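Notes follow the structure.
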Amino acid sequence: MRARRSAKLLNFPKEDYTGYVHNVEKVKEYGSATGNKIKVRNIAICNLNNNVVMFTLWNEKADNFEEEEYAKMRQPVILAVSSCYLKTFGGQIQLSATSATSYYFNPPVEETAELLTAYNADNTQVPQIEVHTERLNDWEQEKTRNRVPLATLLQIDPNTQQRVLFTQEVLISQVDTTYDWYYQKCNECGGKLDYGFVHGHCHPYGSQSKPQNSYSFRVTITDGTANAVMTCFSPQTDGLIKDVNTLLLEVADKDPAIVPPQILALQNTRHVFQFRFAKPIGKGPPTLVLQKVMDHPPATQETLVDTPGAPTQSTASAVRKELFTGSVDEKDDPQPKKQKTE
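The letter at position 307 of the sequence shown is residue 307 when you use UniProt numbering, and the numbering goes up by one with no holes.
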């Protein structure tokens with residue numbers, strides 16, 4: 001997939017884009033009962049470099065997307081969209097439909113042939129998996145959603161699965177003692193803080209900062225087919241280990257480089273984890289990020305709704321701002337590698 005005039009992409013407010021459909025999400029509704037409600041449908045489009053671009057349809061266009069027609073088509077389906085607003089965040093492109101936006105399935109253009117050729121070539125080398133992006137209401141079904149062997153996952157380009165959650169029953173074979181086991185994060189942006197300092201861009205001079213502690217330890221997991229590295233953050237560690245602040249009260253040495261025995265005790269324990277791919281940084285095998293511990297169903301069944309809790313604004317601009325902000329990937333790797341010296 002490629003955007004026209006790619007060399008000058010940021011100089012034009014509206015763009016056309018062509019790629020093959022990675023997945024189509026269901027329509028979600030945002031807003032309160034007393035304010036404006038906005039409908040949103042996200043469609044992930046993949047390009048020739050296997051980078052996924054999110055294309056967002058709004059309101060009537062979200063409802064009128066020809067989902068049934070798409071479902072009947074032979075895969076892959078090439079999708080061309082026109083007259084979209086374009087935004088980049090963290091080096092990634094995001095597309096938003098306008099009133100002038102149109103889309104076309106398998107258009108008779110040169111890009112379609114190029115994409116199909118590249119897709120077929122990749123399929124002969126990389127295993128193809130079927131994923132489900134919608135969360136399931138039933139706990140037992142949710143804990144087995146997208147259960148793919150680690151050996152298969154590690155062969156897949158993580159760029160193509162950034163919005164997908166996987167589950168697997170695994171053994172924690174090792175805790176990595178060369179990485180800090182916790183860190184302090186900014187209560188505004190969630191980014192890592194250097195000890196004793198605050199983010200000046202988040203807290204103007206004279207304002208009070210309330211840094212929060214978060215786990216950040218790494219473990220090696222295995223399902224019997226392969227080993228994978230997974231990073232564990234708060235509060236996704238709930239159900240695996242006690243709260244980080246409680247553990248900090250128990251340990252004598254609060255040096256984040258000294259992994260306490262309570263975390264080391266996780267070695268050789270079995271769990272059902274829900275996780276996602278970390279954003280790739282450089283070369284090397286893909287790494288994972290813990291999303292949820294699913295050993296036991298919650299005591300009180302969670303209310304599964306698409307609407308964010310208690311929004312303070314329900315206007316289109318507020319929703320657009322929420323949807324087009326960066327994901328919380330400060331959690332992917334908040335601290336640099338730190339080798340301990342003997």
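Positions of the beta carbon are idealized from the N, C-alpha and C atoms, including for glycine.
Note that the coordinates shown come from a computational prediction; the quantities given were computed from them, not determined experimentally.
- Of the candidates Gln161, Ala252, Leu248, Glu169, the residue whose Cα lies closest to the Cα of His132 is Gln161.
- Within the stretch 133–185, the runs of beta strand (DSSP E) at least 3 residues long that lie entirely inside it are, in chain order, 166–175, 182–185.
- Taking C-beta separations shorter than 8 Å and ignoring five residues to either side along the sequence, the partners of Lys242 in its chain run Gln262, following chain order.
- For Asn23, DSSP records a beta bridge to Ala44.
- Look at Gln94 here: in three-state DSSP terms it is strand.
- Relative to Thr287, the option among Ser99, Ala97, Thr231, Ile45 whose CA is nearest is Thr231.
- Gln94 is classed as buried because its beta carbon has at least 16 other beta carbons within 10 Å across all chains shown.
- In this model, Asn146 and Leu165 are separated by some 7 Å (Cα to Cα).
- By the criterion of a C-beta distance shorter than 6 Å, Ile281 is surrounded by no residue of its chain, once the five residues flanking it on both sides are discounted.
- Residues Tyr182, Asn213, Tyr215, Ser234 of the same chain have their beta carbon placed closer than 6 Å to that of Val244, with the five preceding and five following residues left out of the count.
- Under a 10 Å Cβ-count criterion, Ala80 is classified as buried, with 16 or more other Cβ atoms of the shown protein chains found around its own Cβ.
- The alpha-carbon of Asp16 is positioned some 52 Å away from that of Leu248.
- For Asp16, the three-state secondary structure derived from DSSP is strand.
- Under the three-state reduction of DSSP output, Ala228 falls in the strand class.
- The stretch 222–230 makes contact with the stretch 168–179, as at least three CB pairs between them are under 8 Å.
- An exposed status is given to Ile258, since fewer than 16 other beta-carbon atoms sit within 10 Å of its beta-carbon.
- Less than 7 Å divides the Cβ of Cys46 from the Cβ of Val52.
- Lys254 is the residue among Leu150, Thr178, Lys254, Thr152 whose C-alpha sits nearest the C-alpha of Gln184.
- The alpha carbon of Asn42 has as its nearest neighbour, out of Ala33, Asn36, Met54, the alpha carbon of Met54.
- If you compare the alpha carbons of Asn159, Tyr103, Glu110, Asn59 with that of Lys283, the shortest gap goes to Asn159.
- Cα atoms of Pro76 and Tyr20: separation of roughly 6 Å, rounded to the nearest angstrom.
- Straight through space, the alpha carbons of Tyr104 and Thr98 are spaced by roughly 15 Å.
- In this structure, the beta-carbon distance from Glu111 to Thr18 falls below 7 Å.
- The beta carbon of Lys37 is closer than 8 Å to those of Glu29, Tyr30, Gly31, Ser314 in its chain, skipping five residues each way along the sequence.
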